[in-house]
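Heads up, the thing below is written out as structure tokens.
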Amino acid sequence: MTILADDESNRQPLSGLVPDEWAMSDDARAFVPGHVTGFFTVDRADDPTKTGSRGGGIALSDGVSVTVEPAAETTVELDGERVEMDAVERVLAALRASARVTAETPLPLGAGFGVSGAMALGTALAANAAFDRHLSYNELVTIAHGAEVQAGTGLGDVVGQARGGVPLRLEPGGPQHNDVDAIPARARVEYHTLGELSTADVVGGDTETLTRAGERALSMVVEDPTLDTVTRASRQFSREAELLTEAVQAVIRDVTEAGGDAAMAMLGETVFSFGTGLTDAGYDASVCEVYPPGATVENGPS
Numbered sequence: 001m002t003i004l005a006d007d008e009s010n011r012q013p014l015s016g017l018v019p020d021e022w023a024m025s026d027d028a029r030a031f032v033p034g035h036v037t038g039f040f041t042v043d044r045a046d047d048p049t050k051t052g053s054r055g056g057g058i059a060l061s062d063g064v065s066v067t068v069e070p071a072a073e074t075t076v077e078l079d080g081e082r083v084e085m086d087a088v089e090r091v092l093a094a095l096r097a098s099a100r101v102t103a104e105t106p107l108p109l110g111a112g113f114g115v116s117g118a119m120a121l122g123t124a125l126a127a128n129a130a131f132d133r134h135l136s137y138n139e140l141v142t143i144a145h146g147a148e149v150q151a152g153t154g155l156g157d158v159v160g161q162a163r164g165g166v167p168l169r170l171e172p173g174g175p176q177h178n179d180v181d182a183i184p185a186r187a188r189v190e191y192h193t194l195g196e197l198s199t200a201d202v203v204g205g206d207t208e209t210l211t212r213a214g215e216r217a218l219s220m221v222v223e224d225p226t227l228d229t230v231t232r233a234s235r236q237f238s239r240e241a242e243l244l245t246e247a248v249q250a251v252i253r254d255v256t257e258a259g260g261d262a263a264m265a266m267l268g269e270t271v272f273s274f275g276t277g278l279t280d281a282g283y284d285a286s287v288c289e290v291y292p293p294g295a296t297v298e299n300g301p302s
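The sequence shown stops at residue 302 when you use UniProt numbering, and every number in between is there.
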């Protein structure tokens with residue numbers, strides 16, 4: 001499958017992506033887990049479905065519910081507010097669909113939870129059902145991944161959200177090209193958000209140092225695939241990649257002094273911890289769990 005070209009004049013799917021005639025049905029809803037990335041590389045290719053990242057993350061039970069309803073004009077709403085979201089619009093263009101997309105989430109946008117990726121993937125899954133497109137799961141993940149890469153809002157969240165659990169992205173790209181393993185574990189996850197960071201600013205610049213740090217972190221976890229190692233590798237990555245902010249470092253220090261362990265979420269000023277580390281350190285943390293199932297369609301036309 002080939003995703004959309006990057007310029008405005010080529011926003012229609014390339015030949016062979018979808019049938020010329022498709023049916024339109026009722027609305028459909030999908031749930032996509034939030035995704036915290038602990039460490040990553042930047043691996044670029046000419047084909048956006050081959051572009052992506054290697055690394056590790058956590059799919060969260062706090063996620064994004066996306067409803068797609070056929071409409072004469074495409075609109076996107078997040079928690080009741082109209083938003084511009086290029087990745088969502090690219091997904092709908094790939095599916096030749098015009099729709100009202102509404103999404104709800106307890107997660108903040110731009111703080112390292114993969115909300116943009118969740119909206120792209122949720123739109124793909126729900127639109128496939130609402131418009132009766134008959135595409136497979138991997139085809140839809142490929143569309144969403146390529147759309148987010150082209151939008152500049154993420155490199156690996158969609159793949160991690162599709163896999164669920166504690167995914168390890170061993171090779172970059174969408175489902176046709178990547179290699180994804182996972183740590184078979186469930187746990188309580190706490191997180192505390194301090195602010196936002198721009199994914200586009202970080203991945204759009206010089207990423208050589210970041211990628212080397214990501215490779216070292218991934219090697220650590222592959223050698224010892226446990227949640228404790230994920231936290232240690234994530235913390236090491238944030239330092240070596242020079243992404244650790246003073247505010248995040250202070251929270252991590254508090255958790256460590258309280259006997260816990262914590263790390264920074266990529267990319268945002270967010271601290272995450274397995275167990276009760278943030279709570280024990282006195283923070284009013286949000287609480288959820290590792291979410292093994294991955295993204296799913298919740299309801300669709302009967």
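Note that CB positions come from ideal geometry on N, CA and C, so glycine has one too.
Notebook entry, point to check: Taking the C-alpha atoms as reference points, what is the distance between residue 307 and residue 282?
Noted result: In the structure displayed, the chain extends from 1 to 302; residue 307 sits before or after that span and is not available.
Checklist line | Euclidean distance between Cα positions of residue 120 and residue 144 | finding: Stepping through the sequence shown from its first residue, residue 120 is reached at position 120. Stepping through the sequence shown from its first residue, residue 144 is reached at position 144. Residue 120 and residue 144: Cα-Cα distance of roughly 5 Å.
Check: Among residues of its own chain, excluding the 5 on either side of residue 285, which ones have a beta-carbon nearer than 7 Å to its beta-carbon?
Finding: Taking the first residue of the sequence shown as 1, we reach residue 285 at position 285. Closer than 7 Å at Cβ, skipping near neighbours: 190, 191, 192, 278, 279.
Item checked: 4-residue-minimum alpha helix (DSSP H) runs that sit fully inside the segment 49-132, ordered along the chain -> 86-94, 115-130
Next item on the list: From the DSSP output, read off the bridge partner residues of residue 189.
Entry: In the sequence shown, the residue the question calls residue 189 occupies position 189. The partner list for residue 189 (beta bridge, DSSP) reads 274, 288.
Notebook entry, point to check: Helix, strand or coil for residue 36 per DSSP?
Noted result: Numbered from its first residue, the sequence shown carries residue 36 at position 36. Strand at residue 36.
Next item on the list: Please go through the same chain and pick out, in chain order, the residues whose beta-carbon is closer than 7 Å to the beta-carbon of residue 164, but skip the five residues on each side of it.
Entry: Against the sequence shown, residue 164 aligns to sequence position 164. Answer for residue 164: 33, 59, 291, 292, 293, 294, listed in chain order.
Item checked: Unbroken beta strand (DSSP E) run spanning residue 235, endpoints -> Along the sequence shown, read from residue 1 onward, the residue named residue 235 stands at position 235. From DSSP, residue 235 is part of no beta strand (DSSP E) but of the alpha helix (DSSP H) over 227-240.
Margin query: So, for residue 135: in the same chain, excluding its five sequence neighbours on each side, which residues have a beta-carbon less than 6 Å away from its beta-carbon?
Written below: To locate residue 135, count along the sequence shown from 1; it is residue 135. Once the five neighbours on either side are set aside, the close Cβ partners of residue 135 are 128.
Check: Is the distance from the Cβ of residue 215 to the Cβ of residue 41 below 7 Å?
Finding: Position 215 of the sequence shown holds residue 215. Position 41 of the sequence shown holds residue 41. Closer than 7 Å, so yes.
Check: Would you report the Cα separation of residue 21 and residue 138, rounded to the nearest angstrom?
Finding: On the sequence shown, position 21 is the one that residue 21 refers to. On the sequence shown, position 138 is the one that residue 138 refers to. Residue confidence is low: residue 21 scores 47 on pLDDT, short of 50, so the model does not pin down where it sits. Its coordinate-derived value is still stated next. One C-alpha to the other measures close to 21 Å.
Margin query: If I measure Cβ to Cβ from residue 174 and keep anything under 6 Å in the same chain, skipping five residues before and after, which residues do I get?
Written below: Locating residue 174 in the sequence shown gives position 174, counting from the first residue. Answer for residue 174: 49, 142, 145, listed in chain order.
Item checked: Cβ pair residue 267, residue 197 closer than 7 Å -> In the sequence shown, the residue the question calls residue 267 occupies position 267. In the sequence shown, the residue the question calls residue 197 occupies position 197. Contact: yes.
Notebook entry, point to check: So, are the CB atoms of residue 147 and residue 83 less than 7 Å apart?
Noted result: The sequence position of residue 147 within the sequence shown is 147, counting from 1. The sequence position of residue 83 within the sequence shown is 83, counting from 1. No. Outside cutoff.
Next item on the list: With distances taken Cα to Cα, identify the nearest neighbour of residue 87 among 300, 28, 184, 75.
Entry: As a first step, residue 87 is located in the sequence shown; it is residue number 87 there, counting from the start. Looking at the Cα atoms, 75 is the closest of the given residues.
Next item on the list: Would you check if the distance between the CB atom of residue 166 and the CB atom of residue 183 is smaller than 7 Å?
Entry: Within the sequence shown, the letter at position 166 stands for residue 166. Within the sequence shown, the letter at position 183 stands for residue 183. Taking 7 Å as the Cβ cut-off, residue 166 and residue 183 qualify as a contacting pair.
Checklist line | 8 Å contact criterion, which residue 27 and residue 68 should meet: CB distance rounded | finding: Taking the first residue of the sequence shown as position 1, residue 27 is located at position 27. Taking the first residue of the sequence shown as position 1, residue 68 is located at position 68. Going by Cβ atoms, the distance from residue 27 to residue 68 rounds to 6 Å, so yes, they are a contact pair.
Checklist line | residue 185 versus residue 56 - alpha carbon distance | finding: Numbered from its first residue, the sequence shown carries residue 185 at position 185. Numbered from its first residue, the sequence shown carries residue 56 at position 56. The alpha-carbon atoms of residue 185 and residue 56 are separated by roughly 14 Å.
Margin query: Just to confirm before moving on: does the CB-CB distance between residue 227 and residue 272 stay below 7 Å?
Written below: As a working note, residue 227 is residue 227 in the sequence shown. As a working note, residue 272 is residue 272 in the sequence shown. Their beta carbons are not under 7 Å apart, which means residue 227 does not touch residue 272 by this criterion.
Checklist line | 7 Å Cβ shell around residue 8 - same chain, five flanking residues per side excluded | finding: Residue 8 sits at position 8 when you count from the first residue of the sequence shown. Because the pLDDT at residue 8 is just 41, under 50, the model does not fix this residue reliably, and the value given afterwards should be weighed accordingly. Same-chain partners within the cutoff: there are none.
Margin query: Using a Cβ-Cβ cutoff of less than 7 Å, which residues in the same chain neighbour residue 245 once the five nearest sequence positions on both sides are dropped?
Written below: Taking the first residue of the sequence shown as 1, we reach residue 245 at position 245. Once the five neighbours on either side are set aside, the close Cβ partners of residue 245 are 269.
Notebook entry, point to check: What residues in its chain sit with their C-beta under 8 Å from that of residue 209, if we drop five residues either side in the sequence?
Noted result: Numbered from its first residue, the sequence shown carries residue 209 at position 209. Closer than 8 Å at the Cβ level, and outside the excluded window around residue 209, lie 240, 241, 242.
Next item on the list: For residue 42, name the three-state secondary structure that DSSP assigns.
Entry: By 1-based counting over the sequence shown, the position of residue 42 is 42. Reduced to three states, the DSSP call for residue 42 is coil.
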